[in-house]
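S.K.: Sharing a structure here in structure tokens format.
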Amino acid sequence: MSERRERKTPNKKSSKDNTPATKPKLHPRNKHRGRYDLPQLIKGTPELGDFVQPNKYGDDSIDFANPAAVKALNKALLKHQYKLEFWDIPENYLCPPIPGRADYIHHMADVLCASNYGKIPTGKKVTGIDVGVGANCVYPIIGTQEYGWSFIGTDIDSISLKSAQAIVDQNPNLAGKIELRRQPEPKDIFYGILRKEDRVDFTICNPPFHRSPDEAQESASRKVNNLAKKKVADPVLNFGGRSKELWCDGGERKFIQTMIRESKNFGESCYWFSSLVSKSSNLPVILESLEKAAAVEVKTIPMGQGNKSSRIVAWTFLTPAQQKEWKNTRWKEKEDLSKTPE
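Just so you know, we're using the UniProt record's numbering here: the sequence shown kicks off at 1 and counts up by one.
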């Protein structure tokens, strides 16, 4: 048996390993707070074992600077934790870290909970929009499996949508829960997507972070060099990503400002709009834009994973009276008339 094959059964935790047993910065309901159960993951996704090797503490892990290893781990996590039968993405498309994506979903569940008398609204009647669903379709996967929600996934890239549709089509537990819509105008976000009759309970978005391809490449170099602990001549992002996924004119600040401007015109079609804000220096400008747009309520929710800190900004244009009507008509549990006394 080759050395590679032997690694398919990871070693027990080494006494040298100082990796914490839990990731306390992640949301309490996040299934990924603990250490990865590599033996269990490999059992369901054997190809993951090809990438498992001892780290510097002698404990089995994967090389997080290797895009193929990250993809195999993602596939294993989605299969094991979210009961997928199939998941794949085209080469060089964004392969996001699952724990951080799950955190966003759980925090949005808390936002809905706070707006619904302290109870998370669940089931397919609750609908979210994933702006920039990507080829991976990860946010809708987690949201449908954790809370039974329905999703509309949008994207400007036809290959991404084709990939996401293949994921939906080949997983029975996603059937009828995820609708994909192509954004025909790259500069628009909600225009061309939201229809007059649509009512959605929330939106989520991980906007393109960088302002230019050069900035994206520079960031990739820093990230890969840090992960590899050495300088890499031609760095490849460990999580992949095409140009449309990584950068746009003006970066995340301008993207979110456009989202705010458009969202005001759909203020009665959606309860909570939201977006990730990766760069803390962008937050004051974004909050100022929301104030100018006359958002009725704004929430800033801190997030963290490892040494990385981020935040979600959520806003609504619904008045208190409209908010009450929304939750009483869309989220209120129907009484079970079969149990009504005679």
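Ideal placement from N, C-alpha and C gives every residue a C-beta, glycine not left out.
Using only alpha-carbon positions, find the residue among Ile156, Cys95 and Ile178 that is nearest to Gly148.
M.R.: Ile178
S.K.: DSSP has Gly34 in a bridge; who is on the other side?
M.R.: Thr22
S.K.: According to DSSP, is Glu185 part of a helix, a strand, or is it coil?
M.R.: DSSP places Glu185 outside both helix and strand once states are collapsed to three, so it counts as coil.
S.K.: Under 7 Å, do Cys95 and Val133 count as touching if we go by C-beta distance?
M.R.: no
S.K.: Looking only at its chain, what residues have a beta carbon closer than 7 Å to the beta carbon of Lys25, apart from the 5 residues adjacent to it on each side?
M.R.: Excluding sequence neighbours, Lys25 sits near Gly304 and Gln305.
S.K.: Tell whether a beta-carbon distance below 7 Å holds between Ala76 and Phe51.
M.R.: Inclusion of Ala76 and Phe51 in the CB contact set at 7 Å is not warranted, their separation being larger than that value.
S.K.: Helix or strand or just coil, what does DSSP make of Ser61?
M.R.: strand
S.K.: May I have the straight-line CA-CA distance separating Lys125 from Val200, to the nearest angstrom?
M.R.: If you take the alpha carbons of Lys125 and Val200, they lie about 9 Å apart.
S.K.: Nearest by alpha-carbon distance to Ile105: which of Asn92, Val138, Glu85 and Trp87 is it?
M.R.: Checked all of Asn92, Val138, Glu85 and Trp87; the closest Cα to Ile105 is Val138.
S.K.: For the beta strand (DSSP E) that contains Arg311, what are its first and last residues?
M.R.: In the DSSP annotation of this structure, the continuous segment of the beta strand (DSSP E) that includes Arg311 starts and ends at Lys308 to Thr316.
S.K.: For Leu337 and Ile193, I'd like the C-alpha separation in whole angstroms.
M.R.: Any reading at Leu337 must be qualified, since the residue scores a pLDDT of 40, below 50, and its modelled position is unreliable; no value is offered.
S.K.: For my contact list, Thr203 and Ser310 are in at a C-beta cut-off of 8 Å; report their separation, rounded to the angstrom.
M.R.: At roughly 17 Å, the Cβ-Cβ gap does not stay under 8 Å, so Thr203 and Ser310 are not in contact.
S.K.: Measuring alpha carbon to alpha carbon, tell me which residue in Pro207, Tyr271, His27 and Asn136 is nearest Asp198.
M.R.: Tyr271
S.K.: Any C-beta of chain D sitting closer than 7 Å to the C-beta of Val133?
M.R.: Although the question refers to chain D, the structure presented lacks it and comprises just one protein chain.
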